[in-house]
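Line by line, the protein sequences are chains A and B. When you line the first sequence up against the numbering used here, it's residues 1 to 393, in that order. When you line the second sequence up against the numbering used here, it's residues 1 to 393, in that order. Glycine included, each C-beta is placed from N, C-alpha and C at the ideal position. Everything below concerns the one structure shown next.
There are 2 protein chains.
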Amino acid sequence: MGPGPVNAHPRVLRAMSADLLGQFDPEMTAYMNQVMALYRPIFGTRNAWTFLVDGTARAGIEAALVSLVAPGDTVLVVNFGRFGLLLTEILERIGASVETVDAPWGEVVPPEAIAAAIARCSPSLVATVHGDTSTTMAQPLDGVGASCHAAGALLYVDATATVGGMEIAADRWDADVVTAGLQKCLGGPSGSAPITISDVAAERIFARRHVERGIRRDDIADGAAARIGSNYFDLAMVMDYWSDKRLNHHTEATTMLYGARECARVVLGEGLTACFARHAAAGRAMTAGLRAMGLIVFGDDAHRMTNVTGVHIPDGVDGESVRGRMRDDFEIEIGTAFGPLAGRIWRLGAMGYNARKHKVLLTLGALEAVLRAEGFRTPAGAGVDAALAAWAA
Amino acid sequence: MGPGPVNAHPRVLRAMSADLLGQFDPEMTAYMNQVMALYRPIFGTRNAWTFLVDGTARAGIEAALVSLVAPGDTVLVVNFGRFGLLLTEILERIGASVETVDAPWGEVVPPEAIAAAIARCSPSLVATVHGDTSTTMAQPLDGVGASCHAAGALLYVDATATVGGMEIAADRWDADVVTAGLQKCLGGPSGSAPITISDVAAERIFARRHVERGIRRDDIADGAAARIGSNYFDLAMVMDYWSDKRLNHHTEATTMLYGARECARVVLGEGLTACFARHAAAGRAMTAGLRAMGLIVFGDDAHRMTNVTGVHIPDGVDGESVRGRMRDDFEIEIGTAFGPLAGRIWRLGAMGYNARKHKVLLTLGALEAVLRAEGFRTPAGAGVDAALAAWAA
């Protein structure tokens, strides 16, 4: 019950025990096409270019940024937590000129502040996280794509921590590239990064296409713009592999593709609306339960992610001792925190297969017993009762 | 029965259906430590730094090169096939000054030619593939590390296609970094890249350490040398995650780690010597069988990989039609070829779980029937009989 990775859905685990297929086997390429179709509704898009990057969620981020940004390009990062810092870090290594528009940890950046920052620095790309688990905040994104496009910038969104748990609306946000991961609300393992790319962004990427020498073909021409700084993360070549061209790049991570496919089938089988409602109920129940126990929930109520809740460690309580007892006595993992919040808050997730009523209730009951053992006074049973009421609300 | 990916070992598939663990759970970190120990004998090394890169084999290559090489460094590539071209390609994107020492496709580079090339260009790194599946050749590497070190260079080896099938002797070769993949002779899926790093190479990498802002800690100091050009592939940070420091970098790809661990347990359970002998028997049987069928085996006999065999497509036979019948009538995949060999040879693999007597015999029997159907005259039963005799030899 931490901020991810979480327990995987049993159907996803079973899907990953299927035997492998050759990478150009018609059954395999049919699975690839299915994955493209399955992830479009999950990203809220009609983008043709919707596929997987072979690596963890962070690989998806780096693939997007290194393929969109050339050294010297100006990029504006919307920075409200650890993963905003990660975006700046990756962009600096790419050689971008990075500007930021910031919010304190626990708040989000007002869309008008983003628009003002765009006007100030004229970036070619605006990069933001949707939900930053380090602060439990979800950045509002309606209208942000329009602000970008009006100024000639593209919009990149990292939706790793929200995909499958909160609405991802790539098309309505006018986001050009959105990347994700399986290990949060999609209920799968880390190791595959779904991505969606608008036609405009695809055009920018293909302008940088530079097919490697060993596999050049007459029907695939190089682009005129600067070569992408990475081979593995060269989305132009990866897209040529996922297209009818079936250009050989790296060998697709077959088992992870099976897992990603089943994650999507599970979520779409439940229905996205039902899935978001279940995560919202879990977040509501967790928050109500923690408050009824006399704890103080962290961050701005209006922009809280539904699937992870930060809570202040009470004065006089040893946060790591509580986490140790939760794990050793109850086999429940809850999250620590990073940077300015390290030692100040715990983070309790309710994501994917773990966003279930009984898991939230059992976690709160366990936390109550552990806090009592650590000397913190909390009314017996109050957390669970409040959570049960809030789930139904 | 292509050059990989191949069918996975059933134990590996089952291991990947285990539920996930939190990335700092003591059970998870114990598994990580086990993986480090399991891959040392597989790489033929006592290197402390032996772990996994989260991505396909190509991710391991790029992680090694981008962490070892800074823009402007001179690197010598030993180039005898498609994957030598891949090394130059990745290095050019890193901004290295790339020199090559070449052999025609189907041959290897004499070690004395490598030594002469080192003397000519004074590289800081020599990079080579061990077995290049595009040509089926295995580069001899004894003494190459010594030539490198005498000139102040490090040696990098890509052993993706040979690991688990032919001896990898990182310590005897004096190789500083060796990377691999699971999808060939280790009998697992693509998506995890085992790597081993000598202390000298680790020192060069840690000199470039630059911990990202969101997770800096007082006990981990940055190095003085140029920052590594990628975040995801920053081996200094990945090594800090795999060490007792347990620095949070990307979320470990848990399911792939389970798979990599089980691949190693299967191979070490059989015994490396037995495993190499089985691959050698399979290669011997395949070669003898193809020759008995009247086909001409491709490349230099003295340096052939044991686990993949190239064979000329006979005049008047349509190579793709044969591959189609093999797949449609017998559910057996054999490989096509790249670059100058495209349309000229097929590549038949016998790797990992597929390097078994019955699979080689069944493949040859099927190929005989298909060639007959395509109008090629071959003595009935000769291929299978010769393979059976060669297996036992």
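Practice task
May I ask which residues mark the beginning and end of the beta strand (DSSP E) holding residue 102/A?
Solution key: Counting along the chain, the unbroken beta strand (DSSP E) around residue 102/A starts and ends at 97 to 102.
Exercise for the section: Examine chain A for any beta-carbon lying closer than 8 Å to the beta-carbon of residue 107/B, and answer yes or no. Expected result: No - not a single Cβ of chain A is within 8 Å of the one on residue 107/B.
Practice task
Taking C-beta pairs closer than 9 Å, name the residues in chain A that residue 190/B reaches, listed in chain order.
Solution key: The answer, in chain order, is 20, 23, 54, 250, 251, 252, 253, 254, 255, 256.
Practice task
Output yes if chain A places a C-beta closer than 8 Å to the C-beta of residue 161/B; else output no.
Solution key: With 8 Å as the cut-off, residue 161/B does not count as an interface residue toward chain A.
Handout entry: Supposed close pair residue 1/B, residue 334/B - CB separation, criterion 8 Å
Key = With 8 Å as the limit, residue 1/B and residue 334/B qualify as a contact, their Cβ atoms being about 6 Å apart.
Practice task
Would you kindly report the start and end of the unbroken alpha helix (DSSP H) that includes residue 242/B?
Solution key: 235 to 242 is the span of the alpha helix (DSSP H), which, as asked, contains residue 242/B.
Practice task
Would you kindly work out how many angstroms separate the C-alpha atoms of residue 123/B and residue 234/A, rounded to a whole number?
Solution key: Residue 123/B and residue 234/A: Cα-Cα distance of roughly 27 Å.
Practice task
Determine the chain B residues that contact residue 93/A at a beta-carbon separation under 9 Å, and present them in chain order.
Solution key: Contact of residue 93/A with chain B by beta-carbon distance below 9 Å involves 210, 227, 228, 229, 230, 231, 234.
Problem - Beta-carbon contacts of residue 20/B that lie in its chain and below 8 Å, excluding the five residues immediately before and after - result: Closer than 8 Å at the Cβ level, and outside the excluded window around residue 20/B, lie 254, 255.
Exercise for the section: With DSSP collapsed to three states, give me the class of residue 197/A. Expected result: Strand, per DSSP.
Practice task
Using a threshold of 8 Å, state whether the C-beta atoms of residue 13/B and residue 17/A are closer than that.
Solution key: For the 8 Å CB-CB criterion, residue 13/B and residue 17/A form a contact.
Exercise for the section: Keeping to the same chain, check which residues put their C-beta closer than 6 Å to that of residue 50/A; ignore five residues upstream and five downstream. Expected result: Closer than 6 Å at Cβ, skipping near neighbours: 36, 39, 40, 196.
Exercise for the section: Could you please tell me which residues of the segment 359 to 375 of chain A, in chain order, have their CB closer than 9 Å to any CB of chain B? Expected result: Listed by position along the chain: nothing, the set is empty.
Exercise for the section: Counting only the same chain and skipping the five closest in sequence on each side, list residues whose C-beta sits under 7 Å from that of residue 363/B. Expected result: The beta carbon of residue 363/B is closer than 7 Å to those of 1, 332, 348 in its chain, skipping five residues each way along the sequence.
Exercise for the section: Excluding the 5 residues preceding and the 5 following residue 370/A in the sequence, name in chain order all residues of the same chain whose CB lies nearer than 6 Å to its CB. Expected result: So the list reads 322, 325, 326, once near-sequence residues are dropped.
Exercise for the section: Check each residue of the segment 60 to 81 of chain A: if its Cβ is closer than 9 Å to any Cβ of chain B, include it; give the result in chain order. Expected result: Taking 9 Å as the Cβ-Cβ cut-off against chain B, the residues of the segment 60 to 81 of chain A that qualify are 61, 62, 63, 66, 81.
Problem - Closer than 8 Å to chain B by CB, residue 351/A - result: Not closer than 8 Å to any Cβ of chain B, the Cβ of residue 351/A fails to qualify, so no.
Exercise for the section: Kindly say whether residue 354/B, judged by its beta-carbon, lies nearer than 8 Å to any beta-carbon of chain A. Expected result: Judged by the 8 Å Cβ criterion, residue 354/B is not in contact with chain A.
Practice task
With a 10 Å radius around its C-beta and 16 neighbouring C-beta atoms as the bar for buried, classify residue 296/A as buried or exposed.
Solution key: Its Cβ having fewer than 16 others within 10 Å, residue 296/A is exposed.
Problem - Residue closest to residue 81/A, alpha-carbon to alpha-carbon, out of 341/A, 354/A, 373/A - result: Taking only the C-alpha atoms, the option nearest residue 81/A is 341/A.
Exercise for the section: Look at residue 260/A and residue 182/A and say whether their C-beta atoms are less than 8 Å apart. Expected result: With contacts defined by Cβ atoms closer than 8 Å, residue 260/A and residue 182/A form a contacting pair.
Problem - Beta carbon proximity, residue 5/B to chain A, threshold 8 Å - result: Closer than 8 Å to some Cβ of chain A, the Cβ of residue 5/B qualifies, so yes.
Handout entry: Option nearest residue 127/B by Cα separation, candidates 142/B, 175/B, 136/B
Key = Cα-wise, what sits closest to residue 127/B is 175/B.
Problem - residue 90/A at chain B interface by Cβ criterion, 8 Å - result: At least one chain B Cβ lies under 8 Å of residue 90/A.
Practice task
Determine the burial state of residue 393/B: buried for a count of at least 16 other Cβ atoms within 10 Å of its Cβ, exposed for fewer.
Solution key: Exposed, since its Cβ has fewer than 16 Cβ neighbours within 10 Å.
Problem - Identity of the residue in 257/B, 301/B, 353/B, 207/B nearest residue 192/B by Cα - result: Of the candidates 257/B, 301/B, 353/B, 207/B, the one whose C-alpha sits nearest the C-alpha of residue 192/B is 257/B.
Problem - Exposure label - residue 104/B; buried when at least 16 CB within 10 Å - result: Taking all protein chains in view, the Cβ of residue 104/B is surrounded by fewer than 16 other Cβ atoms within 10 Å, so the residue is classified as exposed.
Problem - Against chain A: residues of the segment 166 to 197 of chain B by CB proximity under 7 Å - result: From the segment 166 to 197 of chain B, only 183, 189, 190, 191 have a Cβ closer than 7 Å to chain A.
Handout entry: Local conformation of residue 46/A per DSSP, three classes
Key = Looking at residue 46/A - three-state DSSP - the assignment turns out to be coil, as it is neither helix nor strand.
Problem - Opening and closing residue of the alpha helix (DSSP H) in which residue 328/A lies - result: Segment 319 to 330, the alpha helix (DSSP H) holding residue 328/A.
Handout entry: Contact list for residue 16/A against chain B, beta-carbon separation under 7 Å
Key = Neighbours of residue 16/A across chain B, judged by C-beta separation under 7 Å: 16, 17, 255.
Practice task
Taking the CB atoms as reference points, tell me whether residue 33/A and residue 184/A lie closer together than 8 Å.
Solution key: The answer is no: Cβ separation not under 8 Å.
Problem - residue 28/A versus residue 140/A - alpha carbon distance - result: Straight-line Cα distance between these residues: approximately 38 Å.
Practice task
Run the proximity test for residue 122/A: is its beta-carbon closer than 7 Å to any non-hydrogen atom belonging to the ligand NAP?
Solution key: The ligand content of the structure shown is nil, which means the ligand NAP is not present either.
Handout entry: Three-state class that DSSP yields for residue 137/B in the structure shown
Key = Judged by DSSP in its simplified three-state form, residue 137/B adopts strand.
Handout entry: Residues sharing a beta bridge with residue 408/B, DSSP
Key = This structure does not reach residue 408/B, given that chain B is present from 1 up to 393, and the question cannot be answered.
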